[in-house]
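Below is one structure, written out as structure tokens; comments come after it.
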Amino acid sequence: MSKLNKEFEYKGYKFNTSVELNTRAERKINGKVWYTIITNCMDGNNYYQKEEVETFQIEEVVEKHKQNAIDYIDKLTYKKKSFEEMLLSSLGFQ
468 MSKLNKEFEY KGYKFNTSVE LNTRAERKIN GKVWYTIITN CMDGNNYYQK
518 EEVETFQIEE VVEKHKQNAI DYIDKLTYKK KSFEEMLLSS LGFQ
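Count along the sequence shown from 1, then add 467; that gives the number in my numbering.
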């Protein structure tokens, strides 16, 4: 079994997404093949997501894992902004 990795960073947190190829397969002609996708935070955070998917779902699930990690960090680092801060932020200020 082969394993491929991809790292991404969001707001200073590093994540790794790995795809393990052919983790399970049906033993018949044209049988289904499954892959295991794991996304975890490499900065000591307890974020971990694992899913087993078929070939046609790989791209969709990898993107979903990335978005879930981003949402998790957004919730973790959420700071309530005042009206003025939201207004200036929408105008491009940081």
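The beta-carbon is built from N, C-alpha and C at its ideal position, and this holds for glycine as well.
Quick caveat, the model's predicted, so the values are computed rather than measured.
| query | result |
| --- | --- |
| Under 8 Å between C-beta atoms of phenylalanine 482 and threonine 506 | yes |
| Option nearest tyrosine 477 by Cα separation, candidates Glu519, Asp538, Trp501 | Asp538 |
| Sheet register partners of valine 486 (DSSP bridge) | Leu471, Ile504 |
| Reference cysteine 508, options Leu471, Ser485, Leu555, Val500, closest by Cα | Ser485 |
| Proximity to asparagine 497 [Cα-Cα], best of Asn512, Tyr480, Glu521 | Glu521 |
| Closest Cα partner of lysine 473 within the set Thr544, Glu530, Lys548 | Glu530 |
| Beta-carbon gap between tyrosine 514 and alanine 536 smaller than 8 Å | yes |
| Status (buried if at least 16 other CB within 10 Å, exposed otherwise) for valine 500 | exposed |
| Contact under 8 Å by Cβ, tyrosine 579 with asparagine 512 | Residue coverage of the chain in this structure runs from 468 to 561, which leaves residue 579 outside it and unanswerable. |
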